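Novice: Quick one: structure below, then a few questions.
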């Protein structure tokens, strides 16, 4: 049954959820109670062994060629571990004018340790795909599988338990932060909601995360309004990392920032991926941003994925006519 389309002035069809919606759930460790500690340790060890070599090469790559080679190896290593898959998902909304097919038979996969870029013009369905892949909206048809679990078939309680493993970074950092909480308070709040440790340990963890994303810990007690836009986004990233997610969904996280600040935030995302082994779905209309960060890129047009390729192949030898037009419009020099 198609959903009713909310009235909105944004380029997407429904508003993005608040950051609080994404963090209110039980501990993800409840999902693994059926397994013994030894089994969990063995599984973690096997997974780490698969990815360690590729991650090390990626971290120490010095030239663009070495970086590209390391990325390719990381993708090959990750191919054995699919983290989240959208399988022929469709999302239909109802409006007074009739049905709107926001997402039409889309299939995408994000592997462990990989960054998948999702690009397209405003209104192409990118953010709707992100919400479907996080289980924040039900699919009209098709399914989303996260770590082997069909999100559409999970009981509400199990879905709440799973959601801390999927976190989002939004376009408007100030809007995603709690304005009456300090920087450290914003980062501590998800830990408090999930009853992670005592107040002292939560504070220690929050300070570590702020330092990790480049916020001077001497400024930890300042409020979001006292930081620049780039600093606010760093705090929002620290907050998203607080629950140690497996998947980070970044929905236009740099589009509201100045170009110089964009470069700094992209460098931060690259560093975090290398350090933490994060999987990322990176949504943007800025092709240059996606080229710099993504291992693979999927191009959306009118609710459908028209092309999906490794980053270098897509930017240098696009196959779909729409992709070529998009590249020609944004990167004309390369197309000459």
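In full-length UniProt numbering, the protein residues as written are 1 to 336. Quick reminder that beta carbons are idealized off the backbone N, C-alpha and C, glycines included. Bear in mind that the values here come from a model prediction, so they are computed numbers and not experimental data.
Got a sec, what are the start and stop residues for the beta strand (DSSP E) residue 111 sits in?
Specialist: 98 to 111 is the span of the beta strand (DSSP E), which, as asked, contains residue 111.
Novice: Answer yes or no: do residue 298 and residue 151 have a C-beta to C-beta separation smaller than 8 Å?
Specialist: Not a contact, by the Cβ cut-off of 8 Å.
Novice: Thinking residue 136 and residue 112 are a contact (beta carbons under 8 Å), I'd like their distance in whole angstroms, please.
Specialist: Their Cβ separation, rounded to whole angstroms, is 21 Å, which puts residue 136 and residue 112 out of contact at 8 Å.
Novice: With DSSP as the reference, label residue 247 as helix, strand or coil.
Specialist: Residue state, collapsed to three classes: strand.
Novice: Under a three-way DSSP split, which group does residue 261 fall into?
Specialist: Residue 261 falls in the helix class under three-state DSSP.
Novice: Quick one: what does DSSP say residue 13 is sitting in, helix, strand or coil?
Specialist: Since pLDDT at residue 13 reaches only 41, below the 50 mark, its modelled position is unreliable, and no value is offered.
Novice: For residue 48, is the classification buried or exposed, using 16 other Cβ atoms within 10 angstroms of its Cβ as the cut-off for buried?
Specialist: Confidence at residue 48 is low in this model, with a pLDDT of 45, below 50, so the placement of that residue is unreliable and no value is reported for it.
Novice: What are the start and end residues of the beta strand (DSSP E) that includes residue 182?
Specialist: Taken as a continuous stretch (DSSP letters only), residue 182 belongs to no beta strand (DSSP E), as it is neither H nor E.
Novice: So, do the segment 280 to 291 and the segment 240 to 256 have three or more beta carbon pairs nearer to each other than 8 Å?
Specialist: Verdict: yes, contact present.
Novice: Keeping to the same chain, check which residues put their C-beta closer than 7 Å to that of residue 321; ignore five residues upstream and five downstream.
Specialist: Cβ within range, chain order: n/a, list empty.
Novice: Spatial neighbours of residue 306 within its chain, please: CB distance less than 8 Å, with the 5 preceding and 5 following residues excluded, ordered by chain position.
Specialist: These residues qualify, in order along the chain: 299, 300, 320, 322, 323.
Novice: Identify the continuous beta strand (DSSP E) that holds residue 83 and give its terminal residues.
Specialist: Where residue 83 is concerned, the enclosing beta strand (DSSP E) stretches over 82 to 95.
Novice: For residue 267, is the classification buried or exposed, using 16 other Cβ atoms within 10 angstroms of its Cβ as the cut-off for buried?
Specialist: Its Cβ having fewer than 16 others within 10 Å, residue 267 is exposed.
Novice: Here's a check: name, in chain order, each residue in its chain whose Cβ is nearer than 6 Å to the Cβ of residue 92, leaving out the five neighbours to either side.
Specialist: Excluding sequence neighbours, residue 92 sits near 2, 99, 101, 140.
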